[in-house]
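Q:
Chains as they are written, first to last, in the working numbering: chain A, 1 to 105; chain B, 106 to 210; chain C, 211 to 315; chain D, 316 to 420.
1. Output the residue ranges of the alpha helix (DSSP H) runs that lie fully inside the stretch 214-299 of chain C and measure 4 residues or longer, sorted by chain position.
2. For residue 304 of chain C, report the span of its alpha helix (DSSP H) as first-last.
3. Going along chain B in order, which residues have a C-beta closer than 9 Å to the C-beta of residue 7 of chain A?
4. Given a limit of 8 Å on CB to CB distance, which residues of the stretch 49-79 of chain A reach chain C?
5. Can you give me the C-alpha to C-alpha distance between residue 393 of chain D and residue 271 of chain C, rounded to a whole angstrom?
6. Quick one, which of C:273, C:222, C:259, C:245 has its alpha-carbon nearest residue 144 of chain B's?
7. Closest to residue 52 of chain A by CA distance: which of B:176, B:197, B:129 is it?
8. As a quick exercise: from A:103, A:6, A:32, pick the residue whose alpha carbon is nearest that of residue 203 of chain B.
9. With 8 Å as the threshold, decide whether the Cβ of residue 179 of chain C is near any Cβ in chain A.
10. Please report the Cβ distance between residue 379 of chain D and residue 316 of chain D, rounded to the nearest whole angstrom; I am assuming they are in contact, meaning their Cβ atoms lie under 8 Å.
11. Please name the residues in the stretch 327-341 of chain D whose beta-carbon is closer than 9 Å to at least one beta-carbon of chain A, in chain order.
12. Pop quiz: residue 92 of chain A and residue 113 of chain B are said to be a contact at Cβ under 8 Å. What is the actual Cβ separation, rounded to whole angstroms?
13. Residues of chain D with a CB under 7 Å from the CB of residue 103 of chain A: which are they?
14. Give a yes or no on whether 8 Å exceeds the smallest Cβ distance from residue 213 of chain C to chain E.
15. Determine whether the beta carbon atoms of residue 234 of chain C and residue 123 of chain B lie at a separation below 8 Å.
16. Who are the Cβ neighbours of residue 277 of chain C in its own chain at under 7 Å, not counting the five residues just before and after it?
17. Which whole-angstrom value is the C-beta distance of residue 160 of chain B and residue 75 of chain A, which I expect to be below 8 Å?
18. State yes or no: is the beta carbon of residue 253 of chain C nearer than 8 Å to at least one beta carbon in chain B?
19. Among B:187, B:162, B:133, which has the Cα closest to the Cα of residue 84 of chain A?
20. Would residue 101 of chain A and residue 246 of chain C qualify as a contact pair, given that the criterion is a beta-carbon distance under 8 Å?
21. Can the beta-carbon of residue 121 of chain B be found closer than 8 Å to that of residue 49 of chain A?
22. In chain C, which residues lie less than 9 Å from residue 39 of chain A when you measure between Cβ atoms?
23. Applying the criterion that 16 or more other CB atoms from any shown protein chain within 10 Å of the CB defines a buried residue, is residue 3 of chain A buried or exposed?
24. Spell out whether any CB of chain C is found under 8 Å from the CB atom of residue 139 of chain B.
25. On the premise that residue 342 of chain D lies in contact with residue 156 of chain C, defined as a C-beta separation below 8 Å, what is that separation, rounded to the nearest angstrom?
26. Under a Cβ-count criterion, where at least 16 other Cβ atoms within 10 Å of its own Cβ denotes burial, should residue 313 of chain C be classed as buried or exposed?
27. With 8 Å as the threshold, decide whether the Cβ of residue 31 of chain A is near any Cβ in chain D.
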């Protein structure tokens, strides 16, 4: 994404707030694919044609902007995400949270 | 994320619509960190303490749910994203789009 | 919201992009309240204590930023929304769309 | 929106999680209109043709789903929003917060 952006001289558009809006746009397109699907059949429907390809495209768009945003704020996304998952694994121990969704506070 | 989820028996919560809502929640937390920052100073501010660490945490949370969502709809996120970027590179040629943001249609 | 903003001299923060990020933040908080609820029981659960009050607060926050955003871009939100609903009523006739969700294109 | 929905027998689609996803879709379309605009010129650009009409349409779409969501969870949106604004006016006194954005905690 860094090379892709530089080749097009798009750095001037990629301040963090603009990139978050672009990310939100892609999350919106992802949401629209699922909004009226029955909740308990959505995974199956999204795993097959014709929905599967469109879902993949939107997931990819979200990731592309996420990676680009991480780059402009100097976050090592892979490393930070592995640390966050490790932290969550400790915070929500399997014994305490088995089958129970943590409540948002 | 697949192992993390299985250990906690959280698969029942992870239908696609629920995961998108969780993703939106994390995108919202990311947005809140930036909402009142001056646009042209946001990258610098987010690259330093104390904001840098919080931004990294939220970016990580978004990625974790994105990866989990890709998993439950059987999308190979890395492969699909590389293809999408390649496709965008062809669609928006550097010559035609140098310094110009593509318009949403 | 216009008076509330002026009294605090917050106009400088309320450019449209910042307001959309603030709106996204509130939509994220709304999403988090619902993310792990069973889809077919969510309306009932959100209609009672303790969730009802929190849901109301988040819906209100979304509306407040929406109204403020409409104000800064000179949109008459009430009038425009009534026109849009009228337009949708014509576009999706009850006879053609009875029981059928329109597909996103 | 309640009458519009009933005439089309769309109530079955309008559980809260689905409505939030639809709302997110519209917020995404709104975001896309603004994502690459210069922050300090966005209000002016959105107040004129051709952007003004499109922005109005997206703001209206967000409000329509917000009103519908409030309806299915039995929230009096107007009343709750007025209370919330009053509450915010007390929480963020003009004297303490003049020219200062409240920090998210």
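Backbone N, C-alpha and C define an ideal beta-carbon position, used for all residues, glycine too. Computed from a prediction, not measured in an experiment: that's the story for all the values here.
A: To lay it out plainly:
1. 226-244, 252-256, 261-282
2. Here residue 304 of chain C refers to the residue found at position 94 of the third chain. Taken as a continuous stretch (DSSP letters only), the alpha helix (DSSP H) holding residue 304 of chain C covers 304-307.
3. Numbered from its first residue, the first chain carries residue 7 of chain A at position 7. Under the 9 Å cutoff, chain B gives 194, 199, 203.
4. none
5. Position 78 of the fourth chain holds residue 393 of chain D. Position 61 of the third chain holds residue 271 of chain C. The straight-line gap from Cα to Cα measures roughly 11 Å.
6. Your numbering for residue 144 of chain B matches position 39 in the second chain. Comparing Cα-Cα distances from residue 144 of chain B to each of C:273, C:222, C:259, C:245, the minimum goes to C:222.
7. As a first step, residue 52 of chain A is located in the first chain; it is residue number 52 there, counting from the start. Nearest of B:176, B:197, B:129 to residue 52 of chain A, Cα basis: B:176.
8. In the second chain, residue 203 of chain B corresponds to position 98, counting from 1. Closest option to residue 203 of chain B, Cα to Cα, is A:6.
9. Chain C is shown only over 211 to 315; residue 179 of chain C falls outside these bounds and no answer can be derived.
10. Working through the fourth chain from its first residue, we reach residue 379 of chain D at position 64. Working through the fourth chain from its first residue, we reach residue 316 of chain D at position 1. Residue 379 of chain D to residue 316 of chain D, Cβ: 6 Å. Contact.
11. 328, 330, 332, 333, 334, 335, 336, 337, 338, 339, 340, 341
12. As a position in the first chain, residue 92 of chain A is number 92, starting the count at 1. As a position in the second chain, residue 113 of chain B is number 8, starting the count at 1. Right, their Cβ atoms sit about 7 Å apart.
13. Numbered from 1 along the first chain, position 103 holds the residue referred to as residue 103 of chain A. Under the 7 Å cutoff, chain D gives no residues; its nearest Cβ is about 17 Å from residue 103 of chain A.
14. You won't find chain E in this structure, because its protein chains are A, B, C and D.
15. Start at 1 with the first residue of the third chain, and residue 234 of chain C comes out as number 24. Start at 1 with the first residue of the second chain, and residue 123 of chain B comes out as number 18. Not in contact: residue 234 of chain C and residue 123 of chain B (Cβ atoms no closer than 8 Å).
16. As a first step, residue 277 of chain C is located in the third chain; it is residue number 67 there, counting from the start. Taken in chain order, the residues that qualify are 211, 287.
17. For the purposes of this step, residue 160 of chain B is identified with residue 55 of the second chain, where counting begins at 1. For the purposes of this step, residue 75 of chain A is identified with residue 75 of the first chain, where counting begins at 1. With a Cβ gap of about 6 Å, residue 160 of chain B and residue 75 of chain A count as contacting.
18. As a first step, residue 253 of chain C is located in the third chain; it is residue number 43 there, counting from the start. No, no contact with chain B.
19. As a first step, residue 84 of chain A must be located in the first chain, where it is residue number 84. The option with the nearest alpha carbon to residue 84 of chain A is B:162.
20. By one-based count along the first chain, residue 101 of chain A stands at place 101. By one-based count along the third chain, residue 246 of chain C stands at place 36. Yes. Within cutoff.
21. Within the second chain, numbered from 1, the residue matching residue 121 of chain B stands at position 16. Within the first chain, numbered from 1, the residue matching residue 49 of chain A stands at position 49. Cβ atoms of residue 121 of chain B and residue 49 of chain A: not closer than 8 Å.
22. Start at 1 with the first residue of the first chain, and residue 39 of chain A comes out as number 39. Residues of chain C passing the Cβ test: 248, 249, 250.
23. Locating residue 3 of chain A in the first chain gives position 3, where the first residue counts as 1. Label assigned to residue 3 of chain A: exposed.
24. For this step, residue 139 of chain B is matched to residue 34 along the second chain. With 8 Å as the cut-off, residue 139 of chain B counts as an interface residue toward chain C.
25. Because chain C spans 211 through 315 in this model, residue 156 of chain C falls outside it and cannot be assessed.
26. Counted from its first residue, the third chain places residue 313 of chain C at position 103. Per the 10 Å Cβ criterion, exposed.
27. Locating residue 31 of chain A in the first chain gives position 31, counting from the first residue. Yes - at least one Cβ of chain D is within 8 Å of the one on residue 31 of chain A.
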